[in-house]
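Structure first, commentary second.
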Amino acid sequence: MQRHVSFSFSAPYYTLNNVTPATKYIWVVCHGYAQLAEFFVQKFDFLDPSKHFVIAPQGLSRLYLDQTYGRVGASWMTKEDRETELANQRAYFDAVFDPIFEDIDFDHYKLILFGFSQGVSAVARLAAHKKWPFHKMVLWAGGFPKELTPGDFEFASPKAEVIGCIGRQDIYYSEQLLAQEKVRLRELFGKNTRSLVFEGKHEVNREELMRLASKF
303 MQRHVSFSFS
313 APYYTLNNVT
323 PATKYIWVVC
333 HGYAQLAEFF
343 VQKFDFLDPS
353 KHFVIAPQGL
363 SRLYLDQTYG
373 RVGASWMTKE
383 DRETELANQR
393 AYFDAVFDPI
403 FEDIDFDHYK
413 LILFGFSQGV
423 SAVARLAAHK
433 KWPFHKMVLW
443 AGGFPKELTP
453 GDFEFASPKA
463 EVIGCIGRQD
473 IYYSEQLLAQ
483 EKVRLRELFG
493 KNTRSLVFEG
503 KHEVNREELM
513 RLASKF
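Residue numbers (my numbering): 303 to 518.
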């Protein structure tokens, strides 16, 4: 018989730059499967540090990436004991973001939510849970959680934009799947959705990310 216990748990998150009077954008970025937030956050180091503050939470489960037990990555969750994993994820998000955003007036900042691969599901669930008034939600090479409904995003501004991105050579996530996701995103968010297809693999293409961010 499976039983559960609750206990205190310590987990990291990472930031890039600081909130200053000049800050205009706050990014929340969720890494993909088998990545670490420590390195994922560096993908955004091209952003002007005086204007952009980046927060990178990390999946609560770590794993070795090869049989040498050298490289380590992290995962947001698995299907095993799913509801408990989701509850733990929400508790972690609360612990990370509530203190940071306690004194943040979102009228003064543009909030950008970004998820890559498995991080797409994580950032979407985070958005539905915290209900922040986001400016952009970027879903890069990943699928939207099936359990989320339009009611979960009634809080979103009509001006908020949701952007689905995919590389043409992505072996995990095809343009056909992106088209299916586009239909679903329109059901969830209305007309303020668009797709970006670039020449690349299952990766956060730096040039495309820079080009996209320059338009925010």
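All C-beta atoms in this analysis are idealised placements derived from N, C-alpha and C, irrespective of residue type, glycine included. Being a predicted model, the structure only gives us computed values, none of them experimental.
message = For a cutoff of 7 Å on Cβ pairs, would you count N494 as touching chain D?
response = Here there is only one protein chain, and chain D is not present.
ask   = In its own chain, which residues sit with a C-beta less than 8 Å from the C-beta of L514, not counting the 5 before and 5 after it?
value = V440, I465, C467 and L498
ask   = How many Å lie between K433 and V374 at the Cα?
value = 32 Å
ask   = According to the neighbour-count rule (16 or more other Cβ atoms, all chains shown, within 10 Å of its Cβ), is L487 buried or exposed?
value = buried
inquiry  = Looking at K358: is its Cβ nearer than 7 Å to the Cβ of V343?
reply    = First, the residue type needs correcting, since residue 358 is Ala and not Lys in the sequence shown. The answer is yes: Cβ separation under 7 Å.
query = So what does E382 bridge to, in DSSP terms?
reply = E382 pairs with nothing; no bridge assigned.
key: Beta-carbon proximity of F309 to K438, cut-off 7 Å   = no
request  = Could you round the C-beta distance between W329 and V356 to whole angstroms and report it? I think they count as a contact, below 8 Å.
outcome  = 4 Å
query = Using a Cβ-Cβ cut-off of 8 Å (strictly less than) and excluding sequence neighbours within five positions of T451, which residues of its own chain qualify?
reply = L490
query = Can you give the beta carbon distance from K550 to Y327, rounded, assuming they're within the 8 Å contact cut?
reply = Nothing about residue 550 can be read from this structure; the chain reaches only from 303 to 518.
Cβ pair Y394, A313 closer than 7 Å = yes
task = Specify the secondary structure class of P412 as computed by DSSP and reduced to three states.
result = It is worth fixing the name first, because residue 412 is Lys in this sequence and not Pro. Note: K412 maps to strand in three-state DSSP.
ask   = Would G430 pass as a contact of D454 if the rule is Cβ separation under 7 Å?
value = The question names Gly, but residue 430 in the sequence shown is Ala. Cβ atoms of A430 and D454: closer than 7 Å.
request  = Determine the DSSP secondary structure at P359, reduced to helix, strand or coil.
outcome  = strand
inquiry  = Along the chain, where does the alpha helix (DSSP H) containing S423 start, and where does it finish?
reply    = Q420 to K432
Distance, Q369 Cα to F408 Cα = 45 Å
inquiry  = Can you give me the C-alpha to C-alpha distance between Y316 and Y366, rounded to a whole angstrom?
reply    = 20 Å
Residue ranges of each alpha helix (DSSP H) within the stretch 447-518, 4 or longer = 477-491 and 508-515
query = When DSSP labels each residue in this structure, what does A389 get in the three-state scheme?
reply = helix
task = Helix, strand or coil for Q369, going by three-state DSSP, please let me know.
result = coil
key: G445, buried or exposed, once every other Cβ within 10 Å from all chains shown has been counted against 16   = buried
ask   = With distances taken between CB atoms, is the gap from G469 to F418 smaller than 7 Å?
value = no
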